[in-house]
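Protein chains in written order, with my numbering: chain A, 2 to 133; chain B, 75 to 612; chain C, 5 to 97; chain D, 940 to 1912; chain E, 34 to 146; chain F, 3 to 164. Idealized CB from N, CA, C, for every residue including glycine. These figures come from a predicted structure and were not determined experimentally.
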Amino acid sequence: MNGIQHLPPWAAVLTAVFLLTGAAVTLIGSLGLLRLGTFYERVHAPTLGTTLGTVFIAAASMVYFSVLQTRPVLHEILIIVLGIVTTPIALTVLVGAAHFRDTAERAQLGKPAGRVQPHARVPGDAPTGKAG
Amino acid sequence: MSGASGLVIGPILLPLLAGAGMLLLNGERHRWIVAGLNVGATFALVGIAAILLEISDTGTRDVYRLGNWPAPFGIVLVLDRLSALMLLLTNILALASIVYSLARWHRAGAHFHSLFQFLLMGLNGAFLTGDLFNLFVFFELLLAASYGLLLHGSGLARVKAGLHYIVVNLAASLLFLIGVSLIYGVTGTLNMADLAARVPAVAAESRGLLEAGAGVLAVAFLLKAGMWPLNFWLPTAYAAASPPVASIFAILTKVGVYIVLRLSLLLFGESAGASAGFGREFLLFAGLATILFGAVGTLASQDTARLGGFSVLISSGTVLAATGMGQVGVTSGALFYLVSSTLGIGAFFLLVELIERGREPGADMIAVTREAYGEEVETDEAEADVGIAIVATMAWLGVAFIGCALVIAGLPPLSGFIAKFALLAAALHPTDQPGGAIPGSGWALLAVLILSGFATLVAMARAGIRIFWASPDRTVPRVRVIEMAPIIFLLFICAAQTVWAGPVIRFMQAAAHSLHAPAGYISDVLDNGPSSRQAEGK
Amino acid sequence: MSQLMLTYSLLVAQVLLGLAIGCGALRIFLGPRVQDRVLGFDTLSVNAMLLLLTVGIRTGEALYFEAALAMALFGFVGTAALAKFLLRGEVIE
Amino acid sequence: MFLLAVLVLPFVGSFIAALLPVHARNAAAWLAGGVALAAFCIIAVAYPSVTHGGVVGWRTAWIAELGLLFALRLDGFAWAFAMLVTGIGFLVVLYARYYMSPSDPVPRFFSLLSAFMGAMLGIVLSGNLLQLVFFWELTSLFSFLLISYWHHNSAARDGARMALVITSSGGLCLFAGVLLIGHIVGGYDLDKVLASGEAIRSHPLYVPALVLILLGALTKSAQFPFHFWLPHAMAAPTPVSAYLHSATMVKAGVFLLVRLWPALGGSNEWLWLVGSAGLITFLLGAFLAVFQQDLKGLLAYSTISHLGLITLLTGLDTPFGQIAAIFHIMNHATFKASLFMAAGIIDHETGTRDIRRLSGLYAFMPITATLAMVAAGSMAGVPLLNGFLSKEMFFAETIEIHDNSFVDQALPYIVTAASTFTVAYSLRFIRDVFFGPAAVGLPRTPHEPPLLMRLPAELLVLACVVVGIAPALTVAPVLDTAAGAVLGSNMPEYSLRIWHGFTPELLMSILAMVGGVGVYMMLRSYLLVNEGPPLLGRFSGKEVFDWMMVTLSWRLARWLESKLGTRRLQPQLRVLAATAFLAALLPLYWRGVPLADPLRTPFDLAFALLWTVGAACAVGAAIQAKFHRVVALILLGSAGLVTCVTFVWLSAPDVALTQIVVETVTTVLLLLGLRWLPKRIAPAWAEAPAGRIRWHRARDFAIALSVGVGLATLALAAMQHPDTNSISRYFIENAYVKGGGTNVVNVILVDFRGFDTMGEITVLAVVALTVYALLRRFRPAPESIPVPEQQHAQDSHDEAHPDRQKGDTAKDTTETASLMMRLMFPVIGVVAVFLLLRGHDLPGGGFVAGVAMATAFILQYMARGTTWVEARLHFMPVRWMGIGLLLAGCTGAAACVFGYPFLTSYFAYAELPLVGRVPTASAFLFDVGVFSLVIGATVLMLIAIAHQSLRRYAVPPQSGRHLGSEASKEELV
Amino acid sequence: MELVLAIGIGTLAASGVWLILRPRTFQVIIGLSLLSYAVNLFIVAMGRVRSGAPVLIAKEAGDPARYADPLPQALVLTAIVISFATTALFLVVLLASRGLARTDHVDGQEPEA
Amino acid sequence: MTRLLPFPIISFCLLALWLLLNQAITFGHILLGCLVALVGGRILTILELPPVRVRRAGIILRLLRMVVMDIVRSNLAVGRIVLGFGRRQRRSGFVEIPLDMRDPYGLASLAYIITSTPGTLWVNFDAQRGALTIHVLDLVDEEEWIRTIKDRYERHLLEIFE
Ligand code: NA
Ligand code: NA
């Protein structure tokens, strides 16, 4: 069904290498999401996927389809660019939000009598009652 | 395509364009233009439906091939007696509701008129379409519009009832999808006629899947038809809806009933091979149970509007049970009954608010509006001078109440009695031979209908006495001609149905005969003729 | 031979990406804070987008590109909305 | 034809009377009286044609398809009855003209009375049984309205309701019985039915049919055990009682018995059922009548008793019995109507009907007293009055041997005893009211009523006397005609003479007379103090009825409703899920599940991994949705992403694309909603017995699991189902050739099945309008009205620092992102246009493009907030929706103009200068319509929610440009 | 693959059904969304699993059996749109209910006892 | 020119986007692309985007090359950390960097760069004080990070945009 059998060996190898590298980089990034200790550290890890991971897999796709269709297939560049352009939009706000929540909570904890106001929490942040 | 055939799209296209056109007008500033558009469009729809009824009565089915694609590939609209009948019924009821709403209700919320037209589009489409998935779309359309209209006027009661109504119907819609897609998976078609042609040939090992699909589909329809035990949402929702909306809702359950009637006879009729008669006994029992539940509910109702809701159940249950009997005569009686009870219940819902109006000074709508939306009271201020309050209000209301009660309870002189007669005479009389044995189903239907008639009578008498007589200090409500006229109009149709019962029954019998002999339907739909998709630009 | 290698590489790559998606999901489950879960969701969506690209290669069908593009283009909107919600308590002020 | 006139006349009169002004007393009376008199005269004139078995008929088609004609039929029996109905009707109208108070809405009274007369005539003249039932129920209805004429009186309401419920349900039974008869006979035509007596009696359905018809007849005629409604109906105005409860409505039951006797009589069942009902009623009524203290109550029980007598006569199942019954029907009508009128006059003139308070009225109203005494004499069976004649016939008939059973042997003794009571109450009526010392303390000083008010009673009493003295000259031919019509060739020999010699029946009459005087003397002292009969104690039918009404029709009904139904949502959904499960399971159970090799396509590890995640997310969402809403939302989104990827895996790129954009918008939507859902706090009832909750959860879990397994099984079985000859083949073959596009899915959407899409976008429009309308009335939970905690905290943080301004914190965090988001607007826009333009040939289309574009708008709102955006972008969602719908609709309708069906597409390749060959399909215009609508609808829905943040709740309206304010109804932006 | 997909559909459906049987409105909306995923997948599955089948038709369609069944896909697209719309509607209704009834119980009132 | 084409660079990017999406450089598509780009630019003025002033376009390429190198390097570094090949105790933390740059596009570009580079994270920019807070995964020396950001990125960005 697919076109792999029509692919010249060099292109197949190149595609395979790009693919595996990209997938591996992405997996490492995602592993970092699990292995790193704090939220701020964890935010760094998935960037691997959005940058190099995407680049490699998009490249694999470009090589593969360009060879297959015998014309330059470049629109995967868009995925790379859009990925890089959009990720910061979400992450800056997310990190900002986390940062503020942390500072606010630290400020609250610093107050006497330990009256922890849950004001910086959002619904779903922590259990507030029994499930039912 | 002859001119007459082209008219079949009218009941769908006209409300679409009317509804869309209203969106271009500013709802507040052009309210009366929008209202006029609504009335005009609906009036035209009644006219179109009447013409279509006339056409359908020639006995040939009008098959409208949308996009000029041949059946079963494209979507078709099929006009036969049954669909034409439902169209006329729907639009007559709609006209009454709209005229009624002009007195005050159309101002209780935004976009009432366009929602109403879209509801009509959904209803008309559901009655006309010959395609299972297209039916889903029209079902969703009419449901979506009904959600909107049910919530029209807002307020706690409506929102609570609306929430249940929406959740239950959403769940049923999912079942609809599962059923349709499963049937498609097994048979490879969506066209009802094609499906009917394919059902007998379905392989034995696939028949379980096919019937499972049909079963799931039936649950979806039966929920909408208000079958017990899937109908608990209905009385509350109908009672909560504003009167014009509840009135048009009287036809909503009939969509489910219509589809069950249509599909059970088309797909699982006598010629359906191993699946013939699938689910018929179940329908009978469920229908009877629904009637009984409705009867219990009418007795247990304190609230007049709820009483109307339970009457809807009795009406649905009766037609379902009749469908389950699978006899031509019973079906024709059921159709007569369907028309009569729908009109009666529609009129009743319109009436409920008028008679309750005098009992609770400051109708609930205003209170609800204030409560719900402190700052934007947008109704009722300037409307006292609109229309003329009618004289002898209580007498009119009383007569109308009695009329509705008689139709719903199936007592003379209005059409309810003839309807029950037509139903029962056929149910007791399965063969042409006089004096033969009466089937158990006939006895059951007889007993249950007599019982439900009794229950309705008791409940209506109780309600009527409570409303009209038991509170001497009630104020006489301000009722306007445009509120009273639609009710009288609907009851007048019921009376006419009694007087001209003969021709009406003849029509119903013809409709029932063709329903019970689906071969004609199948061949009419699948015979694409020479012209299909011949002449498009290339 | 090289084709076979590519076929297997595709399978392996997809499994790796599948695992990566699993990592994202695991972070959603583990939390502990909502921001962690949002982050996991964001990762999951990027990884899913990459998986889509590999499906395209595997089937030789260039048409899945649009789906991947849409994920790349719209994936952030959900995350951004969640982040905004965390920050301000409402998405649109 | 004149029959139709007779039937229609009262209804026309009724209708006109209803339209008369409230105080048009005389006009209404004239009208009603004129109508009655006219009908009377028409019928009287028709006499010659009904003698000697003559029958006048008139029929017209009604429901020919069901073997039903509208048939009117006048024979001797019907003639006699119609004469009674119209004649007494006229007299009652005359009487009522004086009886009714001017302050009552009299036209309504006469309107109802005329309508009742019409209905009664309908029963009498019906030529088929179904039509008879039709009018039968009408008499119940009008009697209800007449009894409750003084509806401010609760006794009237209760009495009316009781009468309605009992007689109407009897009518329903009659209806059922008639249906059975129709089934047996094969038609409802009266002639046919009467001719089929043999067939009916030998049919297995005879007994049920008989029982049902008797239920109708006996309830209407107030026969035991349904007799109790009649005394309570006495709350009606006296003219109503005089008419309905003596001459007409209650007679309908016995009319029916006599009418159908040829068809149904002549069997043991008839003898026993009808005979015993009649006998018991006769006895019981007479006994109870003695103990009534209300004049009308006495008359009511007397009526019950006399109706019992008539029923007994028909029940004795002989031709002679029928003749006697007919005769007594006539006689009873005359004397009882006049007695009611007398009672009414007394009530009218004295202000009371209590026998204990009334006394010595003879001195005040001698003429009325005389009239009443004569009529009461007739009632008691005093010789030379008509009552005596029919009673003699009755006694004679009871002596006849019928079946030699014990009851039959005892019958003469029993009826003599009952007649003793008849004499006693008649005597009491006369003695206690008209004689004795003059009454003191009456509400009004009594005097004779106006002449015309007395006239009806005078005429009736005259009839009693004339018939009583000279029966052969007066009533004999009429009776002969009437009886002949019923009995046909079956007429026995009988003679109407006052003196038959010393016969056993004369002895019985004498015994009854003497005994009656004795009983009256004995009971006098008892009656002065006691209310109600001694033996039956406080037992009353009304109490039983009320108990049944309350218990069966109210308490039981409510209990059943709560058991068989629910108003809660969860049980409903549980039932729905279970029903759906069973609906799919049972066919599969019966027919077998076609599960073959589960691995038709090879196992795919990545796909399995993907679905491990997907399933985990779904389950996670299920667990978290209660208290961790955001988490559940995230998990839901993740499950959605997995679904998207799966669509790609299943070769459905269009679906995946759509799912992705919809997914995004849904997430934003739900988050917008979360703003207005206050935090969930575990309520106190969570501490409720854990056992019950655990059981509920276990049950729900079982249902959920069943449905899940069931759906999975269905899916698996269907996926392995061999390929069918699907209609898709046609789409694939013709998408390009005839549809002009290479993307089959899109060609299906906009062309093959464009009608679906048309409907679908309308759904979207409808929902958007609904959301908008509902949110205009939105009132948030009080807890969520203040600004969110985060904003509050950030603002107070800014205010706490002198170098910061309010809003700085938020601005710092979002400023850069906001710039980027605004930059994304044209980017997304370009992609949207791209998706729109290429849809027909490649994945994409109007819907995806529309949602994408809407996302761009929403992003701007997220970046800068509502106020800012709406000051700059003037976007009118409702108008976009309208334009989109119109465009799509008109594109489709354009085909109609060219004579093709709706939505017939047109496509061609246009040569554009410089650009080259461009495919132009009308389907594209349709897609543009979709695009426009989807943008409008999506933006409208989301922004309508967002706008809630701007509204100030519970404070005076703001003049700002927010949703719902006058300034921006349409312009959301 | 069929088995995996079927299990996936089953899990989505089971979670969805569990949620719509819960008493809180938000649970119900999440449940309905999960159910609609399940149903959408189910519909596509009715076209049989054809991984990697061509999507577009060439000018000469050739053997139709090569293609993934386009009809269920078209149906799903309609279904997605409709379920999106109804989700939005239900959300607003649940918000309105929460506001008016002061509780997020599906019945608009906390159960007694 | 500015009225017709207020954001030439962005419009050019949109045209490129259009052509890439359509994978075709036909005259028709260029025409359509130009139209789309013009409309896009027009919308940005409505959205009140500040004007883009690019002084020295040449530096863009140099910066881009540098950023790509940094991203690749950081990818490797972070990958090592994740996989546990870290040679020593790693410390992560916040660094506050005083910035001179105020141009919104410059700041946005910096945000893109910092966020896209694994190992650094844009946390907050205090516009009042001109202080940028970033989070660094492997924080050896704060001063070095401040220098890196200011010298490698801010300087170039300042040259480009101000
Ligand atoms: Na005897
Ligand atoms: Na007395």
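query	result
From the DSSP output, in three-state form, read off Val-55/B for me.	Outside the modelled stretch of chain B, which goes from 75 to 612, sits residue 55/B, for which no answer is possible.
My output table needs one value for Val-1076/D: the three-state DSSP class, helix, strand or coil.	For the record, residue 1076/D in the displayed sequence is Glu; it is not Val. Of the three classes helix, strand and coil, the one that applies to Glu-1076/D here is helix, per DSSP.
For Glu-1909/D, would you say it is in contact with chain A, using Cβ-to-Cβ distances shorter than 8 Å as the test?	In this prediction, Glu-1909/D scores a pLDDT of 29, lower than 50, which makes its location untrustworthy; the coordinate-derived value is nonetheless stated afterwards. Answer no: the Cβ-Cβ gap between Glu-1909/D and chain A never drops below 8 Å.
Taking one C-beta from the stretch 1213 to 1221 of chain D and one from the stretch 1071 to 1088 of chain D each time, how about it: are there three or more such pairs within less than 8 Å?	no
I'd like to know whether the C-beta of His-7/A is nearer than 8 Å to at least one C-beta of chain F.	no
What did DSSP end up calling Val-95/C once you bin it into helix, strand or coil?	coil
Give every residue of the same chain whose Cβ lies closer than 8 Å to the Cβ of Pro-625/B, excluding the five residues on either side of it in the sequence, and list them in chain order.	The displayed coordinates of chain B run from 75 to 612. Any statement about residue 625/B would go beyond what the structure contains.
For the candidate residues Ser-188/B, Ser-130/B, Gln-507/B, whose alpha-carbon lies nearest to that of Gly-1125/D?	Gln-507/B
From the DSSP output, read off the bridge partner residues of Trp-124/F.	Ile-136/F
Is the number of C-beta pairs between the stretch 395 to 414 of chain B and the stretch 325 to 339 of chain B that are closer than 8 Å three or more?	yes
For the alpha helix (DSSP H) that contains Ala-309/B, what are its first and last residues?	According to the sequence displayed, residue 309/B carries Pro and not Ala. Its alpha helix (DSSP H) spans residues 307 to 314.
Could you check how far apart the C-beta atoms of Leu-110/E and Thr-1605/D are, in whole angstroms? I think they sit under 8 Å.	Contact doesn't hold; Cβ gap of about 15 Å is too wide.
How far does the beta strand (DSSP E) with Ala-1010/D in it extend, from its first residue to its last?	1007 to 1013
Considering only C-alpha positions, which residue in the set Leu-1467/D, Gly-1136/D, Leu-1153/D, Thr-1177/D is nearest to Leu-1033/D?	Thr-1177/D
For a contact defined as C-beta to C-beta under 9 Å, what are the partners of Val-74/A on chain F?	Gln-25
In the DSSP assignment, find the alpha helix (DSSP H) that holds Asp-1286/D and state where it starts and stops.	1258 to 1289
Measuring alpha carbon to alpha carbon, tell me which of Arg-64/F, Val-38/F, Ile-83/F ends up nearest Leu-21/F.	Val-38/F
Consult DSSP for His-929/D and reduce its assignment to one of helix, strand or coil.	Outside the displayed range of chain D (940 to 1912) lies residue 929/D, so it cannot be described from this structure.
Check whether the stretch 75 to 91 of chain F touches the stretch 1799 to 1811 of chain D, taking contact to mean three or more Cβ pairs, one atom from each stretch, closer than 8 Å.	no
Cβ of Trp-1819/D less than 8 Å from any chain E Cβ?	no
Using the beta-carbon count (16 or more within 10 Å), is Cys-1112/D buried or exposed?	buried
Using a C-beta cutoff of 8 Å, does Met-1759/D count as contacting chain F?	yes
Which same chain residues end up closer than 7 Å to Arg-380/B when comparing Cβ atoms and leaving out the 5 residues on each side of it in sequence?	Pro-309, Ala-313
Assuming Ser-1180/D and Phe-1020/D make a contact with CB atoms under 8 Å, what is their CB distance in whole Å?	In fact, because the Cβ distance is near 19 Å, the residues do not count as touching under 8 Å.
Between which two residues does the alpha helix (DSSP H) containing Ala-585/B stretch?	575 to 590
If we count the other Cβ atoms within 10 Å of its Cβ and call it buried at 16 or more, is Lys-1330/D buried or exposed?	buried
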